[in-house]
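>
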Amino acid sequence: MVAVFYKDMLSCILPLREVTGSEANQNNQNHEQTLSETGKIEVTKESPRETKDDWVISIIDKLEQADRDDDTTIWGKVCIYRVPDYLQENDNKSYVPQTISLGPYHHGKKRLRFMDRHKWHAVNRILKRTNQNIKIYIDAMRELEEKARACYEGLLGLSSNEFVEMLVLDGCFVLELFRGAVEGFTELGYARNDPVFAMRGSMHSIQRDMIMLENQLPLFILNRLLELQLGTKSQTGLVAQLAFRFFDLLMPTDEPMTKTDQSKLENYLGEDKAFDPFADMRELHCLDVFRRSLLWSSPKPEPRRRKTDRFWDIQFNKGYLEIPRLLIHDGTKSLFLNLIAFEQCYIDSAMT
1 MVAVFYKDML SCILPLREVT GSEANQNNQN HEQTLSETGK IEVTKESPRE
51 TKDDWVISII DKLEQADRDD DTTIWGKVCI YRVPDYLQEN DNKSYVPQTI
101 SLGPYHHGKK RLRFMDRHKW HAVNRILKRT NQNIKIYIDA MRELEEKARA
151 CYEGLLGLSS NEFVEMLVLD GCFVLELFRG AVEGFTELGY ARNDPVFAMR
201 GSMHSIQRDM IMLENQLPLF ILNRLLELQL GTKSQTGLVA QLAFRFFDLL
251 MPTDEPMTKT DQSKLENYLG EDKAFDPFAD MRELHCLDVF RRSLLWSSPK
301 PEPRRRKTDR FWDIQFNKGY LEIPRLLIHD GTKSLFLNLI AFEQCYIDSA
351 MT
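Take the sequence shown: its letter number 122 is residue 122 in UniProt numbering, and every next letter is one higher.
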């Protein structure tokens, strides 16, 4: 109905083109006659002008796009946002990756391309370790392409092949970092002196970039890629736990993940048992996993709650307000700013 209305509007206005076109031809004829009478050759430079029908078509295109955007289901699927300009005005670097790009927003930027070789290194290592063909991963990501695109905001400027390749490349790289942090990178086949997969100094800047709002991959993409690697299905929840372990060092507290929690993760990678305390949370991406880990608390009451240094353990004691210690490092500011940006953009987080 909307398209028919726009076409009718266009059909009413297009006849104007014939009138303006005939006037333009008459002017050209008069101009040529003047030149022949004077015998002089004048070179005139005319700037390209937009015709009236082009202008009308442009308006119709914008209205049709607005009609498509009016579908509320589109906005409901978006979960990886571009940080609003008003938040970036005074501190752009806190939201823009400096070392590695993940996802489409910063894909292909020249200053971040040097990490591509390490991404391909990760994919190659996975294929050798699992004795699989890259086509398996490409086909799996192509099936999820439309769903993944819907998670991002606005036009992405990537073809279907480029987008699928990005999902495979970035997703495999992220999973190798997650698994290496738990199992050990040497166990995955990486050299001890690897510049990236050895938990060296560059890892901190990589972690900082990976937690940024504009640098996220949908968690269901990582779940599917891990299923392919392990050869099993229903791995939902495992990636969230791996991410929680990997980003534990960014936690603004000096209470790391316990050895018991870490051993559960290590055992899970080699067994079919389900360890899924995050299963009911339906995380969207790694930043959301981190956000939920800050808010999460045990569903069962603890009669003897041990003293912790978690920064949300604020309490009153004999008239004094006790606030746990908050560790500040280079990435703390960026971490909190991106958490704030996500909560401002994501509607379902408004209640938290």
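All residues carry an ideal CB built from backbone N, CA and C; glycine is no exception.
Is the region 172 to 190 in contact with the region 114 to 125, if contact means three or more CB pairs nearer than 8 Å?
They touch, by the three-pair rule.
> Please name the residue, chosen from Leu-169, Glu-322, Ser-293, that lies closest to Leu-127 on a Cα-to-Cα basis.
Measuring from the Cα of Leu-127, the nearest candidate turns out to be Leu-169.
> Do the CB positions of Arg-82 and Gly-157 come within less than 8 Å of each other?
Cβ distance not < 8 Å, so Arg-82 and Gly-157 don't count as in contact.
> Run through DSSP, which three-state label would Glu-343 get?
If DSSP states are grouped into helix, strand and coil, Glu-343 belongs with the helices.
> Assuming Leu-219 and Ala-198 make a contact with CB atoms under 8 Å, what is their CB distance in whole Å?
Not really, about 26 Å apart at Cβ, beyond 8 Å.
> Can you tell me where the alpha helix (DSSP H) holding Tyr-137 begins and where it ends?
Segment 134 to 143, the alpha helix (DSSP H) holding Tyr-137.
> If you count every other CB in all the chains shown that lies within 10 Å of the CB of Leu-321, and 16 or more means buried, which is it?
The residue in question, Leu-321, is exposed, as its Cβ has fewer than 16 Cβ neighbours within 10 Å.
> Rounded to a whole number of angstroms, what is the C-alpha to C-alpha distance between Val-78 and Gly-319?
Near 45 Å, if we compare the C-alpha coordinates of Gly-319 and Val-78.
> What is the DSSP secondary structure of Asn-317, counted as helix, strand or coil?
Three-state DSSP puts Asn-317 in a strand.
> Where Ala-191 and Gly-184 are concerned, what is the direct C-alpha to C-alpha distance, given to the nearest angstrom?
C-alpha separation (whole angstroms): 11 Å.
> Beta-carbon within less than 6 Å of Ile-340's beta-carbon, same chain only, minus the 5 sequence neighbours each way: which residues are those?
So no residue of the chain qualifies.
> Which same chain residues, not among the five before or five after Pro-84, have their C-beta less than 8 Å away from its C-beta?
Same-chain partners within the cutoff: Ala-341, Gln-344, Cys-345.
> By Cβ distance below 8 Å, which residues in the same chain neighbour Pro-104 in space, the five residues on each side in sequence not counted?
Cβ neighbours of Pro-104 beyond the five flanking positions: Tyr-152, Leu-156, Gly-157, Leu-158, Phe-163, Met-166.
> Just the C-alpha distance for Asn-92 and Ser-101, rounded to the nearest angstrom, thanks.
If I take the Cα positions, the gap works out to 15 Å.
> Looking only at its own chain, which residues have a Cβ that is under 8 Å from the Cβ of Gly-189, when we skip the five neighbours before and after it?
Answer for Gly-189: Arg-125, Lys-128, Arg-129, listed in chain order.
> Out of curiosity, what's the CA-to-CA distance linking Thr-51 and Glu-64?
C-alpha separation (whole angstroms): 20 Å.
> Using a Cβ-Cβ cutoff of less than 7 Å, which residues in the same chain neighbour Ser-205 once the five nearest sequence positions on both sides are dropped?
So the list reads Gln-98, Thr-99, once near-sequence residues are dropped.
> Can you give the beta carbon distance from residue 401 to Tyr-95, rounded, assuming they're within the 8 Å contact cut?
Residue 401 lies beyond the stretch modelled for the chain, which goes from 1 to 352, so this question has no answer here.
> Got a sec? Which residues, its chain only, sit under 6 Å from Phe-336 by beta carbon, not counting five neighbours each side?
Correct list: empty, nothing qualifies.
> Residues in the same chain with beta-carbon distance under 7 Å from Ala-243, minus the five sequence neighbours each way, listed in chain order, please.
Phe-178, Cys-286, Val-289, listed in sequence order.
> Alpha carbons only, please: which of Gly-180, Met-212, Ile-221 is nearest the one belonging to Gln-88?
Looking at the Cα atoms, Met-212 is the closest of the given residues.
> Would you check if the distance between the CB atom of Asn-215 and the CB atom of His-107 is smaller than 8 Å?
Going by C-beta atoms, Asn-215 is not nearer than 8 Å to His-107.
> Sorted by chain position, which residues of the same chain lie with C-beta nearer than 7 Å to Leu-226's C-beta, five sequence neighbours on each side aside?
Closer than 7 Å at Cβ, skipping near neighbours: Leu-175, Gln-235, Leu-238, Val-239.
> Evaluate Phe-114 with the Cβ neighbour count: other Cβ atoms within 10 Å of its Cβ, from every protein chain shown; 16 or more gives buried, anything less gives exposed.
It counts as exposed.
> If I measure Cβ to Cβ from Ile-134 and keep anything under 8 Å in the same chain, skipping five residues before and after, which residues do I get?
Cβ neighbours of Ile-134 beyond the five flanking positions: Val-123, Leu-127, Val-168.
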